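In mature numbering (1 follows the signal peptide of the UniProt record, and there is no 0), the protein residues as written are -19 to -1, 1 to 342. C-beta atoms are modelled at their ideal positions from N, C-alpha and C, and glycine is treated no differently. Here the structure is a predicted model, which is why all the values come from computation and not from measurement.
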């Protein structure tokens, strides 16, 4: 089964020509591959399978248990990860290492993929990323212990990361490896893969984090439209017929208070959705809304355009990540009765999201 990470890579690199291989034999297993290249190599006296900018996969029938393998991270910048609980070519769990960020607070990352969108900009707290010292150009032994809804990650025998909550259902399916090489310099080498299905002994504990769902005024339920092209958005205020007559899919926020719009819409079918929330007021009044989004948003209240912005990756400077926080604010001048608050949110890669908290008078 092919596992794609195209949504992760769109804005990071223009992918080179890829080569597809089926039934690639290595260490007694038949590997599928789609990558810029794959080749058998000897590194530090050990045989390995090297690939760049693409994916390897195995039909493993894995759900819970342990996955252990030798890994070399080659070159930087780069990202190399493993995939499990795959429910198709665009829906899976992934844990990955950022070659160029060893020892930094986000050197490793867990994120789920929904409809091909790996939402690392949404999942940016200590439950999803952490500081790990990993090496370049040297063999490391990586072990994942995976339960239905949790996982531990070990590096050279030491537990270095705990995932307290896996966001997808525990599917039985293939496992995969992926590498992203933004500058065509990074690659990875894997060897000595050992897959041990069965019960998993999870030993890690969740890091202490505030209860995000307890934030005052947090919008915890949204209604999401079908996806469409960003070019179809009106230049100014939204005409009544633009907002009316749409089918809405209910969507609850994640435990961190952010709505992952890729749960409700497939970005491959259109890069924009409307996320709707209805506010009821007993009288005309003004309240403040704190909000965040990824990547681009327009905010409408009762059809009037109040805000337009872009928080995508590297839009401020080359270090700007575009992670989702509620650091924008707007006054909402409510009328008596129902008020329709709508975010038109457009996505490139890294996390399709909206979050808002509505204050009192």
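Should the region 37 to 57 be regarded as contacting the region 152 to 168, the criterion being three or more beta carbon pairs within less than 8 Å?
yes
Need the endpoints of the beta strand (DSSP E) that residue 282 sits in, please.
277 to 282
Pull the bridge partners of residue 249 from the DSSP assignment, please.
According to DSSP, which records beta bridges pairwise, residue 249 is partnered with nothing at all.
Exposed or buried, what is residue 198 when buried is set at 16 or more other beta-carbons lying within 10 Å of its beta-carbon?
exposed
Quick one: grab the DSSP three-state call for residue 82.
helix
Short check: CB of residue 101 to CB of residue 90, under 7 Å?
yes
Run of the alpha helix (DSSP H) containing residue 345, from where it starts to where it stops
Outside the shown range of the chain, which is -19 to 342, sits residue 345, and nothing can be said about it.
Is the separation between the beta-carbon of residue 79 and that of residue 60 shorter than 7 Å?
yes
With a 10 Å radius around its C-beta and 16 neighbouring C-beta atoms as the bar for buried, classify residue 319 as buried or exposed.
exposed
Contact defined as beta carbons within less than 8 Å: I believe residue 111 pairs with residue 142. What is the distance between those atoms, to the nearest angstrom?
5 Å
Tell me whether the region 29 to 36 and the region 12 to 19 touch, counting them as touching only if at least three CB pairs, one residue from each stretch, are closer than 8 Å.
yes
Give the DSSP bridge partners of residue 76, in chain order.
63, 91
If we ignore side chains and look at the alpha-carbon of each, how far apart do residue 209 and residue 252 end up?
6 Å
Given a cut-off of 7 Å, decide if residue 177 and residue 46 are closer than it, judged by their beta-carbon atoms.
yes
What do you reckon, are the CB atoms on residue 338 and residue 196 nearer than 7 Å?
yes
Determine the contact status of residue 325 and residue 279, defining contact as a CB-CB distance below 7 Å.
yes
Just to confirm, are residue 282 and residue 322 a CB contact at a threshold of 7 Å?
yes
Cα-Cα, which of 254, 237, 317, 289 is closest to residue 265?
317
Can you check DSSP and say which residues form a bridge with residue 320?
260
Relative to the C-alpha of residue 36, which residue among 193, 70, 151 is closest?
70
Whole angstroms is fine: what's the gap from residue 362's alpha carbon to residue 340's?
Given a span of -19 to 342 for the chain in the structure shown, any question on residue 362 remains unanswerable.
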